[in-house]
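Undergrad:
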Amino acid sequence: MKKPNAISQIFCKIIRISSQEDSWPLIEENASAFFWTDSDIEEFWSCLALSEGYDPIRVAIDQAEKMHISYKDKHAEINLTGTRQDRTASILALANVISDDFTVLYCKDSWHSSDLAFLVLPNEIFTDTVNSQKATKINKRFIVVDHDLHRFETEAFSEKNQNLYIGDELTIIVRGTSMPSPADWETWFKKLNIDVGWRHFSGEQIPAERVPQMSYEGWYLQEISKISKTKQGLFFEQSVIYPDSFKITVQKKEVSRKIWNTYLRLTASLDTMFIQSRNKTFRNTEWKSLFG
Numbered sequence: 019m020k021k022p023n024a025i026s027q028i029f030c031k032i033i034r035i036s037s038q039e040d041s042w043p044l045i046e047e048n049a050s051a052f053f054w055t056d057s058d059i060e061e062f063w064s065c066l067a068l069s070e071g072y073d074p075i076r077v078a079i080d081q082a083e084k085m086h087i088s089y090k091d092k093h094a095e096i097n098l099t100g101t102r103q104d105r106t107a108s109i110l111a112l113a114n115v116i117s118d119d120f121t122v123l124y125c126k127d128s129w130h131s132s133d134l135a136f137l138v139l140p141n142e143i144f145t146d147t148v149n150s151q152k153a154t155k156i157n158k159r160f161i162v163v164d165h166d167l168h169r170f171e172t173e174a175f176s177e178k179n180q181n182l183y184i185g186d187e188l189t190i191i192v193r194g195t196s197m198p199s200p201a202d203w204e205t206w207f208k209k210l211n212i213d214v215g216w217r218h219f220s221g222e223q224i225p226a227e228r229v230p231q232m233s234y235e236g237w238y239l240q241e242i243s244k245i246s247k248t249k250q251g252l253f254f255e256q257s258v259i260y261p262d263s264f265k266i267t268v269q270k271k272e273v274s275r276k277i278w279n280t281y282l283r284l285t286a287s288l289d290t291m292f293i294q295s296r297n298k299t300f301r302n303t304e305w306k307s308l309f310g
């Protein structure tokens, strides 16, 4: 078994992340280990080859605007178009010529970025990892790149491969100007067998009728049994009324998964125009299909 290198260790860290968590923060934290679509492939490979002892690649562009990429005795060429697709095409061409020794993986959680992220792993290390890990964990995060640009883009940008994560902050814009009152939220949670109460920042529980009715920014909603034990909760960061709609932004701060998931269900019952969380904007029907 080949000794894992630093890049393979990052690969293993990513596939060990909980399926509910986005690997993008880890990708950003270790950006230099990834091959990005804005990378110069020759420069990137030179650094990688120098640190890991890999054979070099050769890159040349001829007068016919064709890029030639060679590795050992393998060669690939692409017709340059002068568009951003050239960068992706060059990565796929590189993946083709090094395929006897290396596997190039597209990182699904970079789909929302203007620059896509890829990892390059020695085949032996990749095979060993695949044999020791569940395939679902690897498939959740990575795609072994297809060397054909059209097939790669079709697969990489398909909806099934755009991983969805609900972050710790959720913004909803709802049709109409009748913003739910503090008492409404208490009642809705109560109907789902959860007793909640309000507090202003780190203060004590405040009756719903004493909470500002149309703007409860800076207020927390928390299970009554926990209000005396924690200073946080479901934090209403923003509540704004517009001429034909209203917006509420809530942050998950020291609340149970039960409280958070219940809040997501309740937002699905509203006439939402759109919902924004982390890396995705949802329409009403899509949100209802997830949490309604």
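When you line the sequence shown up against our numbering, it's residues 19 to 310, in that order. Glycine included, C-beta positions come from ideal geometry on N, C-alpha and C.
Buried or exposed for arginine 169, please, with buried defined as at least 16 other CB atoms from any protein chain shown within 10 angstroms of its CB.
TA: By 1-based counting over the sequence shown, the position of residue 169 is 151. Under this definition arginine 169 is an exposed residue.
Undergrad: Does the segment 181-201 come close enough to the segment 273-292 that 3 or more CB-CB pairs lie under 8 Å?
TA: Yes, since at least three Cβ pairs between the segment 273-292 and the segment 181-201 fall closer than 8 Å, the two stretches touch.
Undergrad: Is the beta carbon of asparagine 114 less than 8 Å from the beta carbon of alanine 94?
TA: Taking the sequence shown and counting its residues from 1, the one referred to as residue 114 is at position 96. Taking the sequence shown and counting its residues from 1, the one referred to as residue 94 is at position 76. For asparagine 114 and alanine 94, yes; Cβs fall inside 8 Å.
Undergrad: Would you call the segment 222-229 in contact with the segment 69-83, where contact means no fewer than 3 C-beta pairs closer than 8 Å?
TA: Output reads no: the segment 69-83 does not touch the segment 222-229.
Undergrad: Tell me, which residues are paired with tryptophan 216 by DSSP?
TA: Numbered from its first residue, the sequence shown carries residue 216 at position 198. DSSP output for tryptophan 216 lists Ile224, Leu239 as bridge partner(s).
Undergrad: Determine which residues share a DSSP beta bridge with alanine 78 and list them.
TA: On the sequence shown, residue 78 is found 60 positions in, with the first residue counted as 1. Answer is His86, bridged to alanine 78.
Undergrad: If we count the other Cβ atoms within 10 Å of its Cβ and call it buried at 16 or more, is leucine 49 buried or exposed?
TA: Here residue 49 is taken as the residue at index 31 of the sequence shown, counted from 1. This sequence places alanine at residue 49; leucine is not what is there. The residue in question, alanine 49, is exposed, as its Cβ has fewer than 16 Cβ neighbours within 10 Å.
Undergrad: Suppose the cutoff is 7 Å on Cβ atoms and the five residues either side in sequence are ignored; what does the same chain contact list for proline 219 look like?
TA: Taking the sequence shown and counting its residues from 1, the one referred to as residue 219 is at position 201. The sequence shown places phenylalanine at residue 219, rather than the proline named in the question. Taken in chain order, the residues that qualify are Gly236.
Undergrad: Keeping to the same chain, check which residues put their C-beta closer than 7 Å to that of lysine 155; ignore five residues upstream and five downstream.
TA: Within the sequence shown, the letter at position 137 stands for residue 155. The residues are Ile33.
Undergrad: Could you check what DSSP says for isoleucine 245 in three-state terms: helix, strand or coil?
TA: Indexing the sequence shown from 1 puts residue 245 at position 227. Coil at isoleucine 245, not helix or strand.
Undergrad: Cysteine 30 to threonine 147, Cα distance in whole Å?
TA: Here residue 30 refers to the residue found at position 12 of the sequence shown. Here residue 147 refers to the residue found at position 129 of the sequence shown. Each residue's Cα considered, the two are about 8 Å apart.
Undergrad: Less than 8 Å between the beta carbons of isoleucine 143 and serine 26, yes or no?
TA: As a working note, residue 143 is residue 125 in the sequence shown. As a working note, residue 26 is residue 8 in the sequence shown. Against a cut-off of 8 Å, the Cβ pair of serine 26 and isoleucine 143 comes out as a contact.
Undergrad: Return the Cβ separation of leucine 210 and threonine 280 in integer angstroms, given the expectation that the two are a contact with Cβ distance under 8 Å.
TA: Your numbering for residue 210 matches position 192 in the sequence shown. Your numbering for residue 280 matches position 262 in the sequence shown. Correct: roughly 6 Å between the Cβ atoms.
Undergrad: Looking only at DSSP bridge pairs, what is valine 258 linked to?
TA: Taking the first residue of the sequence shown as position 1, residue 258 is located at position 240. Answer is Lys265.
Undergrad: Please go through the same chain and pick out, in chain order, the residues whose beta-carbon is closer than 8 Å to the beta-carbon of aspartate 104, but skip the five residues on each side of it.
TA: Your numbering for residue 104 matches position 86 in the sequence shown. Closer than 8 Å at the Cβ level, and outside the excluded window around aspartate 104, lie Met85, Ile96, Leu98.
Undergrad: If you drop the 5 nearest sequence neighbours on each side, which residues of the same chain put their C-beta closer than 6 Å to that of isoleucine 59?
TA: Within the sequence shown, residue 59 is the residue found at index 41, counting from 1. The residues are Ser108, Leu112.
Undergrad: Assess contact between the segment 123-132 and the segment 41-56, defined as three or more Cβ pairs (one per stretch) separated by less than 8 Å. Is contact present?
TA: Cβ pair count under 8 Å is three or more, so yes.
Undergrad: Considering only the beta carbon of each residue, do aspartate 91 and tyrosine 183 sit closer than 8 Å?
TA: Here residue 91 corresponds to residue number 73 of the sequence shown, with the count starting at 1. Here residue 183 corresponds to residue number 165 of the sequence shown, with the count starting at 1. It is not a contact, given that the beta carbons lie outside the stated cut-off.
Undergrad: Just how far apart, CA to CA, sit isoleucine 242 and serine 287?
TA: If you number the sequence shown from 1, residue 242 lands on position 224. If you number the sequence shown from 1, residue 287 lands on position 269. Distance between the alpha carbons of isoleucine 242 and serine 287 is about 23 Å.
Undergrad: Would you list, in sequence order, the uninterrupted beta strand (DSSP E) runs of no fewer than 3 residues that lie entirely inside the segment 138-199?
TA: The qualifying runs are 160-162, 187-193.
Undergrad: Touching or not, the segment 265-272 and the segment 250-257, by the rule of three or more beta carbon pairs under 8 Å?
TA: Contact holds: three or more Cβ-Cβ distances are below 8 Å.
Undergrad: Please determine, among Gly251, Val162, Met232, the residue with the shortest C-alpha to C-alpha distance to tryptophan 216.
TA: As a position in the sequence shown, residue 216 is number 198, starting the count at 1. Residue Gly251 is the option with its Cα nearest to tryptophan 216.
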